[in-house]
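In terms of our numbering, the sequence shown has 35 at position 35, counting the first letter as 1, and numbering is strictly consecutive.
Cβ atoms here follow ideal geometry from the backbone N, Cα and C, with glycine treated the same way.
Given the structure is predicted, the values throughout are model-derived calculations rather than measurements.
A quick write-up on the structure given underneath.
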Amino acid sequence: MLKKALRFFLIGLTVFIAQGAGLFAYFVYTPEPELPALTGELTKATIDVNGETYTYRLYVPKDLAKDSANAAPLVMVLHGSGQNGAQIRSETGYGFERLADQHRFAVVYPSGKSFDWNDCSKTGDFLVNGRELDDVKYLNSLVDTLIAEHGFDQSRVFATGVSAGGFMSLRLALESPTRFRAVAAVSASVPVTDNFKCTPVAQGASVMIMNGTQDTIVPYAGGEVALWGMFFNNGQVRSSADSAEFFAAHNKLPLQAKRELPLPASKNVQSIQWRDDGRFEVELVTIVAGGHGMPQPYWQRPRILGPSPMEPNGPELVWEFFARQKP
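Encoded structure:
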């Protein structure tokens, strides 16, 4: 009897493990994107800020100009929760480095402490929230260091990020607009008033928000930031539209500055823009039927994050937004 019970137990355990592995393979696993042929060099280094040591990776295209007359822009790419700079580099399909080679700018991938960022959200299940690290100072110090070492154009420093990195990008727009000319937040929205801890300065910055309507973590229509509404809670956020309106108001853009752009060839993209001559602009890019993450043609995101459209090319849209910002 004991042997029979043990046999059934082992069979059941084997089936359970096999099913679990199958679910993991279906919902979570995705192969790494192939590394493209690039002209430049990726270096890994550290920086000390407020007694903490941080790691970052810097990509500089071959023969990138260093003289002040032709100083190159710098694009900062921020990772999501549970990740580091190396992971967001691959999960964006090396898209920013492909563009860097073509358009002549540098890309930096900083890593946050505890694999996260201290953004504008008051609440959250993540370790970094309890530590109250000054990530704004860290990222500013990193930019200052890179400008001093490489001669990048200090008037064309931009930040983009996905998920927690997107939330941190929004904090940079609010608290450090004199350093970051524009930001692009992907899969991120502005926390509601009760969940908002940032102290915005008076000056604005150009802001793009790129969100998917089927995001399984950051609800497009606003609400609780959590996986399927249950796990990794990060408090309540405004809707994507309200988040864009928040920045339009912060940038003092008049009502008549709002306009809906014509649909591009990719029909799953909708864009609303607030632009007025001489002011910082705001753009809301809606990925229709898009999930959580940066849309791009190089890599399919895990199914657990929702649909992963191959269009539009998110890094290209972000760079086009940055490139049209006047110094």
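- Look at residue 305 here: in three-state DSSP terms it is helix.
- The beta carbons of residue 284 and residue 241 sit closer together than 8 Å.
- In this chain, residue 258 is not harboured by any alpha helix (DSSP H); it is covered by the beta strand (DSSP E) spanning 258-260.
- Under the three-state reduction of DSSP output, residue 171 falls in the helix class.
- Residue 160 is positioned such that its CB atom lies closer than 8 Å to that of residue 184.
- Taking the C-beta atoms as reference points, residue 93 is found no nearer than 8 Å to residue 31.
- In the structure shown, the three-state DSSP call for residue 239 is coil.
- Taking a cut-off of 8 Å for Cβ pairs, the region 300-317 and the region 53-68 do not touch, as fewer than three such pairs fall below it.
- The beta-bridge partner set that DSSP reports for residue 160 consists of 77 and 184.
- Scanning 243, 102, 95 and 52 for the CA closest to the CA of residue 64 turns up 102.
- Judged by DSSP in its simplified three-state form, residue 273 adopts strand.
- Under the DSSP assignment, residue 85 falls in the alpha helix (DSSP H) whose first and last residues are 85-91.
- Counting of Cβ neighbours within 10 angstroms places residue 73 among the buried residues, the total reaching 16 or more.
- Between the region 151-159 and the region 188-200 there are fewer than three C-beta pairs closer than 8 Å, too few to call the two in contact.
- Less than 8 Å separates the beta-carbon of residue 47 from that of residue 141.
- Apart from the 5 residues on each side of it in sequence, residue 52 sits with its Cβ closer than 8 Å to the Cβ of 113, 133 and 138 in its chain, given in chain order.
- Residue 212 has its alpha-carbon roughly 9 Å from the corresponding atom of residue 269.
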